[in-house]
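Numbering (the working numbering), first residue to last: 120 to 724.
Quick reminder that beta carbons are idealized off the backbone N, C-alpha and C, glycines included.
What follows is a set of notes on a single structure, which appears directly below.
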DNA sequence: GCTCAAGGCCAG
DNA sequence: CTGGCCTTGAGC
Ligand SMILES: [Zn+2]
Ligand SMILES: [Zn+2]
């Protein structure tokens with residue numbers, strides 16, 4: 120490599136702390152570690168990452184920029200349309216858009232210390248650690264085909280340079296990492312806070328910064344999406360369309376009046392002293408949606424039409440205890456800017472480049488590993504607190520489903536679908552996706568056979584995987600064995616996920632032209648994945664054992680879902696909101712009946 | 001003790 | 001204002 124001398128991670132130098140080997144990161148025992156972010160690109164500008172800063176892996180300059188901005192409470196404004204591209208070469212040009220992107224990518228204002236205390240560690244440490252562990256692990260996954268690892272991040276393959284419009288998303292294609300960071304963190308921290316709830320006594324009092332800080336920010340963000348009519352999923356999806364609540368606030372939003380500076384500036388989250396222990400709402404089940412205003416029905420095509428959309432009407436869910444201090448959310452929820460959406464999957468997805476690359480690229484760019492990483496963290500967290508296996512499963516499922524949705528809505532292809540399609544697809548496929556994720560995690564030994572719970576109890580991994588059922592354990596184990604025999608790997612897993620998610624059969628019977636169009640888009644994508652996968656496997660879709668297995672998994676998911684539905688009817692534990700809604704979709708009841716009757720003598724009314 | 005993210009410094 | 005390099009210090 121030509122740039123060898125720059126390859127030492129910056130931020131480390133010999134002069135520090137009498138460390139005997141200042142260059143330990145490059146060689147020796149720690150060599151592996153350095154590799155973990157040596158290849159990473161800053162999710163904000165694409166420059167070389169120097170470590171975790173304010174919540175995620177970023178470069179040194181974005182770190183500095185972010186720090187200065189937050190410390191000095193700077194208010195930038197954009198001379199253009201708030202969608203300036205931000206990359207290494209032009210990041211200086213528009214600080215407004217740069218900062219916006221920082222936030223959007225998940226940098227945390229609350230990690231900037233108000234008291235300016237140096238050194239030490241903060242609460243994000245655990246997240247960094249978990250994230251690092253995962254990245255590392257995933258580096259070691261064998262790739263399978265001739266391609267070598269070097270290509271993993273070379274996603275330059277992927278893009279034509281179309282749109283700079285929507286927050287530069289497209290032009291960022293070269294950034295390999297962390298479009299997921301934010302979602303990931305949210306999920307991560309949510310769990311922590313939720314745990315606090317369940318243990319949590321002390322918390323409420325000792326958090327000086329709580330009232331307007333970090334926490335409420337993230338709670339808002341996290342729960343903002345819930346909707347009044349029980350449409351959590353829709354809300355979760357639509358909320359995300361323009362990303363982060365924190366940002367739409369510097370001055371003129373979409374040409375609206377500029378004088379208004381909501382009290383809840385981003386900086387309010389800047390937290391005082393270090394151990395900012397955030398507390399959580401004193402409810403241990405996910406918040407319900409009573410505090411929402413009615414949602415004017417229009418989220419279906421929401422993201423196409425900025426003015427028609429009623430993001431501003433969506434009042435985020437804030438736990439009642441802290442709800443007092445914010446009505447400022449509406450400002451947050453304004454869409455950042457319209458998203459052009461003639462783009463169909465087809466155009467979004469690149470069209471040239473060899474088929475088998477598609478999965479490679481998807482696998483890398485879609486950050487499936489990160490999603491799974493958070494599943495692992497979720498499990499770890501809940502398992503230490505809960506002792507009842509079913510309750511444990513419910514909570515894990517609820518949380519991971521949130522993560523699933525966050526993941527999906529950020530996924531480059533999925534997010535281009537009409538909202539309506541997104542809803543249907545997720546409604547349709549969540550249980551299968553769950554099973555695939557957990558099964559793959561199991562195969563990767565991210566979970567062992569059983570999961571140790573509190574009070575010395577345990578939960579079979581198969582139970583958790585199968586949505587809390589233990590009836591199908593053998594069937595699942597058999598599937599696992601077969602997957603293993605076929606050397607099911609990361610690429611196969613990626614194919615499984617995408618083939619499942621993009622299930623065009625949801626429109627099998629539809630006749631409206633709109634739906635047919637949707638169906639076609641999804642189908643095209645689906646078949647492209649299928650071809651790529653077959654190509655990768657040197658096989659034909661018609662004769663792929665792994666494809667048969669996927670069908671089996673889908674069947675299994677269906678059964679498991681029915682079972683879960685049944686169990687939820689009679690459980691003593693509260694069924695979390697989102698899960699409940701996913702289970703109780705009206706159109707499913709018939710299906711539950713038909714699936715259940717052959718297996719068991721379950722009788723519905 | 002060592003780590004490594006956070007703050008500080010300052011030439012450009 | 002930027003960003004590369006330097007110092008700190010809680011937590012492991
Ligand atoms: Zn950067
Ligand atoms: Zn700009």
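Pairing residue 553 with residue 504 gives a Cβ-Cβ distance that is not under 8 angstroms. Taking the Cα of residue 699 as reference, the smallest distance to any Cα among 711, 354 and 517 is reached at 517.
Take the alpha-carbon of residue 494 and the one of residue 560: they are about 9 angstroms apart.
Ordered along the chain, residues surrounding ligand 2 are 197, 199, 201, 203, 213, 215 and 216 [Cβ under 6 angstroms from any heavy atom]. The C-alpha of residue 228 lies about 7 angstroms from the C-alpha of residue 173. Distances taken from the Cβ of residue 188 to the heavy atoms of ligand 1 include none shorter than 7 angstroms.
The beta carbon of residue 509 lies closer than 8 angstroms to those of 587, 686, 690 and 692 in the same chain, with the five residues before and after it left out. The beta-bridge partner set that DSSP reports for residue 178 consists of 168.
DSSP places residue 481 within a helical segment (H, G or I) once states are collapsed to three. Note on residue 159: 16 or more other CB atoms within 10 angstroms of its CB, so buried under the neighbour-count rule.
In the three-state scheme derived from DSSP, where H, G and I count as helix and E and B as strand, residue 569 is classed as strand. Between the stretch 474 to 490 and the stretch 540 to 551, the count of C-beta pairs closer than 8 angstroms stays below three; the two stretches do not touch. Taking C-beta atoms as the reference points, residue 610 and residue 655 count as a pair closer than 8 angstroms. Contact between residue 648 and residue 675 does not hold, since their C-beta atoms are separated by about 21 angstroms, which reaches or exceeds 8 angstroms.
Burial check for residue 701: the Cβ neighbour count within 10 Å reaches 16 or more, so the residue is buried. Judged by the Cβ position, residue 177 qualifies as a neighbour of ligand 1 at the 7 angstroms threshold, a heavy atom of the ligand being closer than this. Per DSSP, reduced to three states, the secondary structure at residue 531 is coil, with no helix or strand assignment. DSSP places residue 203 in no beta strand (DSSP E); its state is neither H nor E. The beta carbon of residue 621 is closer than 6 angstroms to those of 641, 644 and 645 in its chain, skipping five residues each way along the sequence.
8 angstroms or more divides the Cβ of residue 562 from the Cβ of residue 502. Just measuring C-alpha positions, the residue of 564, 606, 240 and 694 sitting nearest residue 515 is 694.
In its chain, beyond the 5 residues on either side, 485 have a beta carbon closer than 6 angstroms to the beta carbon of residue 530.
In the three-state scheme derived from DSSP, where H, G and I count as helix and E and B as strand, residue 232 is classed as strand. Between residue 524 and residue 671, the alpha-carbon positions lie close to 24 angstroms from each other. Annotated as proximal: residue 156 and residue 176, with beta-carbon spacing under 8 angstroms. In the DSSP assignment, residue 221 falls within the unbroken alpha helix (DSSP H) covering 214 to 224.
For residue 668, the enclosing alpha helix (DSSP H) stretches over residues 664 to 689. Across the structure, residue 487 and residue 526 are spaced so that their CA atoms are roughly 8 angstroms apart. Just measuring C-alpha positions, the residue of 599, 507 and 532 sitting nearest residue 574 is 507. Nearest to residue 200 by alpha-carbon distance, out of 216, 209, 583 and 191, is 216.
The residue among 591, 163, 542 and 636 with its C-alpha nearest the C-alpha of residue 206 is 163.
Residue 699 carries a helical assignment under DSSP once its states are collapsed to helix, strand and coil.
In the assembly as shown, residue 651 is a buried residue. Its beta-carbon has 16 or more other beta-carbons within 10 Å. Contact between residue 189 and residue 178 is ruled out by a C-beta separation of about 17 angstroms, above the 8 angstroms threshold. In summary, residue 209 is exposed, with fewer than 16 beta-carbon neighbours lying within 10 Å of its beta-carbon over all protein chains present.
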